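Okay, so here's the structure we're looking at.
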Amino acid sequence: MIKPRVILIGAGKFGKNHVKTLAQLDKDGRCEFSGVVDKDSHILSEISKNYDIQTSTCIEDLMNNADAVVIATPASTHFNLTIDCLSNNKHVFVEKPVALNYADALQMHQKAISKSKILMVGNIFRHHVIIKSILKNLHDDGIGKIRILDGEFLNTADARTDVGSLLNYIHHLDLFCYIMKISPTSISCQNFFATNNNFEDYCTLTLTYPENIVATIRVGWLGLRKSRNFTITGSKKTLFADLVSNTVTYYSGSNKEGISENMEKFELNAKNLPLYLELDNFIDSIQNNTSPLSDSESSLLSIKLAEKALESAQSQKTIYLQ
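Counted from 1, the sequence shown has number 263 at position 263 by the numbering used here; the numbering is strictly sequential.
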């Protein structure tokens, strides 16, 4: 099977993880990691010391050496870069959020269709070993009928200047869409501003689904700790998933204080990290002309919900969805 030639645009804060992962995929024979583009020449100099690949501050210099492009740049650049790469007949993997708004995301999706190219969005937790385990448990009716979902994604990072915390930490919106397989009927959101008047530093969301299912999400970068977890309460059991420690805890039954009597805790480990699995899925989709696990169509719902959430926060009203 032909190995696709892949270049990376953006090797900064998170892009450096893509450099390491693409280099490993190259070593494993999955792709040909053919170059890195970044506007910072110092970053490129460090990459050249460690990897035998082409580097440039200009995308056009490396575009002809690629079948596919991985974009790990600020969110405000995603739309133009993705459209440009698709227009040049390249498959594209773009980090989350796919775009700053639904209209741009839809145009990117339609462009990929018109060019018959793969457009994959970096919703990394879909590839996490915990999510795969939980989905199997839900499929096997392990926790019963879902009643409540609760998610938290908090970080100690500096505030961003291109997007707020909701779009930057869109993971739980995407995960709950992925788990529920249906759209919510309403969404409400509250934003809190502490360091930046243009973008929210912290927000809370409430989503309602048919059959009285409710989901709450808290995201932000004002925390004193790194937190990535969610709870799903079902009619039979409740599960708590910690995406930092890679543990899932199942609770069944409860005592008078509301604490579960029976608890099963599992630590799950995968051979490869989620980013490796994610990029490998991108490569596999190119080779077999199949839809990736997080394609542009599936990302349209989460970006639409994020847009409606921000609308709710601004109007201070619940938004009802059709």
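Ideal Cβ placement from N, Cα and C applies to all residues, glycine included.
Keep in mind the model is a prediction, meaning the values are calculated, not measured.
Rounded C-beta distance between F14 and A72? I'm assuming under 8 Å. At roughly 6 Å, the Cβ-Cβ gap stays under 8 Å, so F14 and A72 are in contact.
Taking C-alpha atoms, which residue in Y178, Y51, Y202 lies nearest to E297? For E297, the nearest C-alpha among the options comes from Y178.
Which residues mark the beginning and the end of the beta strand (DSSP E) in which H91 is found? Annotation for H91: the continuous beta strand (DSSP E) segment containing it runs 91-95.
Hey, quick one: how far does the alpha helix (DSSP H) through I286 stretch, first residue to last? Boundaries of the alpha helix (DSSP H) around I286: 274-288.
In the structure shown, what three-state DSSP assignment does F14 receive? Coil, per DSSP.
With respect to the beta strand (DSSP E) encompassing C203, which residues constitute its N-terminal and C-terminal limits? That run of the beta strand (DSSP E) goes 202-209.
Nearest residue (CA-CA) to K96, options S114, L275, K27: For K96, the nearest C-alpha among the options comes from L275.
Per the contact definition of three or more C-beta pairs closer than 8 Å, is the region 134-148 in contact with the region 210-230? The region 210-230 makes contact with the region 134-148, as at least three CB pairs between them are under 8 Å.
Between the C-alpha atoms of I283 and A241, what's the straight-line distance to the nearest angstrom? Spanning the two alpha carbons is a distance of roughly 28 Å.
Which of the three DSSP states, helix, strand or coil, is assigned to D174? Secondary structure at D174: helix, using DSSP grouped into helix, strand and coil.
So what's Y323 in DSSP terms, helix, strand or just coil? For the chain, the structure presents residues 1 to 322; residue 323 sits outside this window and is missing.
Reduced DSSP secondary structure (H/G/I, E/B, other) of N262: Strand, per DSSP.
Within the continuous alpha helix (DSSP H) that includes T82, where are the two ends? 78-87 is the extent of the alpha helix (DSSP H) around T82.
Would you tell me roughly how many angstroms separate the C-alpha atoms of K304 and K49, rounded to the nearest one? Between the alpha carbons of K304 and K49 lies a distance of about 42 Å.
Do G151 and E200 have their CB atoms nearer than 8 Å? No, the pair does not count as a contact, with Cβ atoms beyond the cut-off.
Quick one: what's got a C-beta closer than 8 Å to V19's C-beta in the same chain, skipping five residues either side? Answer for V19: L8, A11, V36, I47, Y51, listed in chain order.
Kindly give me the distance between the Cβ atoms of C189 and L22, rounded to whole angstroms, as I take these residues to be in contact under 8 Å. Incorrect: roughly 36 Å between the Cβ atoms, too far for contact.
Measuring alpha carbon to alpha carbon, tell me which residue in N123, H109, H127 is nearest A117. As written in the sequence, residue 117 is Lys, which differs from the Ala given in the question. Looking at N123, H109, H127, the one whose alpha-carbon comes closest to that of K117 is H109.
Do M120 and F79 come within 8 Å of each other at the CB atom, strictly closer than that value? For F79 and M120, no; Cβs fall outside 8 Å.
Hey, how far is the Cα of S114 from the Cα of T247? Distance between the alpha carbons of S114 and T247 is about 42 Å.
Tell me whether E278 is buried or exposed, calling it buried when 16 or more other Cβ atoms sit within 10 Å of its Cβ. Counting Cβ neighbours within 10 Å, E278 comes out buried, since at least 16 surround it.
Do you know whose CA, among S41, L167, D174, lies nearest N191's CA? That would be L167, whose Cα lies nearest to the Cα of N191.
Contact under 8 Å by Cβ, H172 with V219: Yes, the Cβ-Cβ distance between H172 and V219 is below 8 Å.
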